[in-house]
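Numbering (this note's numbering), first residue to last: 26 to 365.
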Amino acid sequence: MEFLKRLEALIDNLSSIKKPLGPRIQIQEEDLSDIHSSEAGVFHYDDLPPNGPPVDYAVDGSLRTITTPTFRLFLAVGVAYTKLGILTIPGFRDVKHVALQSDDEEALRRLEDVAIVKYRFANGEKFFKSDVPEDVVGKVVREAVEIALIKEAKGTALIDGPLYYGIRGFPEIDWWRVEALWDKRVVAVVKRLETSKKLCRAKEWVEEMGIRIDAACNDMAVVAELGRMHMRSYRDVVVFGPFKQTFRQSKLHPLPERYLWYIYSASSIFRVEAFRKEYAEEVLPTLLRNRVVPGLPYHIALVDKLAKDLSKRLARLICVKLMGKGLNLTYDSLMECYAR
């Protein structure tokens with residue numbers, strides 16, 4: 026495979042990086058949005074129409090990070106479900122799906138001809154050094170992979186993850202995603218809600234529902250409590266929404282509004298997002314009537330598992346080759362490489 030040849034070329038050059046990597050930096054996010062609840066209500070599984078449109082396309086990506094004392098390697102893969110079969114990156118498109126973070130600028134420049142390496146921002150003004158938050162580097166390379174697959178979407182499409190992230194300091198990441206999704210009939214499914222605080226800003230609505238908002242508030246906790254209050258039976262699924270998220274005027278974040286629904290069942294809690302309210306309302310019956318263990322929509326669970334399996338196999342291969350070159354991996358990277 027061409028990917029393996031490029032991987033070998035990359036690894037051959039990595040041992041020349043000698044400058045120690047600086048400490049990792051995490052994104053400092055500042056959410057400048059408002060949540061509007063004037064249309065929000067409570068709906069149950071049995072209240073929904075019997076059928077919705079079929080899902081024609083679904084996309085997910087997976088990111089693995091491998092760290093040594095001198096560099097951090099980010100491996101992104103993407104998987105798309107289509108009516109004709111499964112598409113994957115690497116494989117389907119020639120996309121730069123490996124990013125490298127290092128403080129050795131000379132080494133980064135030497136890797137310019139290795140096609141799988143995305144070693145600086147697209148405008149070429151800043152390398153991926155240790156002063157760039159680790160999360161940003163990972164999102165940049167993962168977005169390249171997911172957007173390449175999103176562009177192929179036809180019909181009703183699902184994406185695993187938000188329509189955009191809302192990272193104030195790096196709006197270009199959000200706009201790459203928005204531009205790829207805007208003309209598609211797309212609905213997003215967000216599985217991780219424990220660090221999200223969107224519902225906490227719909228304070229009046231939440232407190233009218235009987236839940237007190239405090240400093241520890243997060244979406245997961247609010248929906249879990251709301252769900253227990255409104256669930257009719259163990260098999261019931263409760264939908265809260267739609268909420269509308271809008272951004273305050275800002276040079277950094279003139280992002281489009283989006284609609285949010287929160288889904289509660291005995292086995293899972295997740296959020297559904299759409300730029301156009303009618304897209305999500307039409308497909309919600311399909312999502313909720315085609316759920317699988319662990320309570321997620323079938324197509325999301327499928328691409329999630331395939332992407333994670335593919336990235337795990339490729340990360341393990343990279344680890345073996347790096348250690349074969351005498352490069353030491355951090356403990357967390359070793360655990361990542363050999364996780365079952």
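Ideal placement from N, C-alpha and C gives every residue a C-beta, glycine not left out. Being a predicted model, the structure only gives us computed values, none of them experimental.
Neighbour-count burial assignment, residue i, 16 or more Cβ in a 10 Å radius
i              : result
threonine 181  : buried
alanine 173    : buried
tyrosine 304   : buried
isoleucine 111 : exposed
aspartate 329  : buried
leucine 29     : exposed
arginine 217   : exposed
threonine 311  : buried
aspartate 244  : buried
serine 41      : exposed
proline 94     : exposed
isoleucine 106 : One point to set straight first is that residue 106 is tyrosine, not isoleucine, in the sequence displayed. Tyrosine 106 should be labelled buried.
alanine 178    : buried
arginine 257   : exposed
alanine 326    : buried
valine 165     : buried
proline 75     : exposed
proline 322    : buried
alanine 240    : exposed
Residue-level contact to chain B via CB, residue i, 8 Å cutoff
i             : result
aspartate 156 : Protein chain content of the structure displayed is limited to a single chain, and chain B is not contained in it.
Element boundaries [beta strand (DSSP E), containing residue i]
i                : result
lysine 199       : Inspection of the sequence shows that residue 199 is occupied by aspartate rather than by lysine. Unbroken run through aspartate 199 is the alpha helix (DSSP H), 196 to 206; no beta strand (DSSP E).
aspartate 185    : 181 to 185
alanine 299      : 294 to 299
phenylalanine 99 : 97 to 107
arginine 89      : 82 to 92
tyrosine 190     : Looking at the DSSP string, tyrosine 190 is not in any beta strand (DSSP E), and its letter there is neither H nor E.
leucine 112      : 110 to 114
leucine 285      : 283 to 289
isoleucine 325   : Run containing isoleucine 325: none in the beta strand (DSSP E); it sits in the alpha helix (DSSP H), 323 to 349.
N-terminal and C-terminal residue of the alpha helix (DSSP H) that residue i is part of
i             : result
threonine 311 : 302 to 314
tyrosine 70   : Note, tyrosine 70: premise wrong, no alpha helix (DSSP H); not H, not E.
leucine 174   : 159 to 175
serine 58     : Not the alpha helix (DSSP H): serine 58 falls in the beta strand (DSSP E), residues 58 to 61.
leucine 39    : 27 to 39
glutamate 361 : 356 to 362
C-beta atoms of residue i and residue j nearer than 8 Å
i                 : j              : result
alanine 227       : isoleucine 60  : yes
glycine 47        : serine 155     : yes
leucine 133       : leucine 35     : no
lysine 121        : isoleucine 91  : no
lysine 44         : aspartate 128  : yes
histidine 324     : leucine 183    : yes
valine 264        : isoleucine 288 : yes
serine 62         : tryptophan 200 : no
tyrosine 70       : valine 318     : no
valine 104        : aspartate 85   : yes
glutamate 159     : arginine 202   : no
glutamate 307     : glycine 77     : yes
glutamate 361     : arginine 89    : yes
glycine 320       : serine 290     : yes
leucine 73        : leucine 313    : yes
isoleucine 175    : lysine 209     : yes
cysteine 242      : lysine 222     : yes
phenylalanine 268 : proline 281    : no
Whole-Å CB distance - residue i paired with residue j, under 8 Å assumed
i           : j              : result
valine 162  : alanine 101    : That pair is no contact at about 10 Å.
leucine 354 : leucine 347    : 7 Å
leucine 285 : glutamine 270  : 6 Å
leucine 206 : glutamate 298  : Their Cβ separation, rounded to whole angstroms, is 10 Å, which puts leucine 206 and glutamate 298 out of contact at 8 Å.
glycine 186 : alanine 147    : Contact flag wrong, Cβ pair sits at about 20 Å.
valine 215  : arginine 296   : 4 Å
leucine 57  : arginine 273   : 5 Å
valine 248  : isoleucine 294 : 5 Å
lysine 333  : serine 87      : 5 Å
| Taking only runs of the beta strand (DSSP E) that begin and end inside the stretch 203 to 263, which ones reach a length of at least 3 residues, in chain order? | For the stretch 203 to 263, whole beta strand (DSSP E) runs of length 3 or above, ordered along the chain, are 210 to 215.
| In chain order, which alpha helix (DSSP H) runs of at least 4 residues are fully inside the stretch 120 to 150? | Those alpha helix (DSSP H) runs which fall completely within the stretch 120 to 150 and span 4+ residues are 130 to 135.
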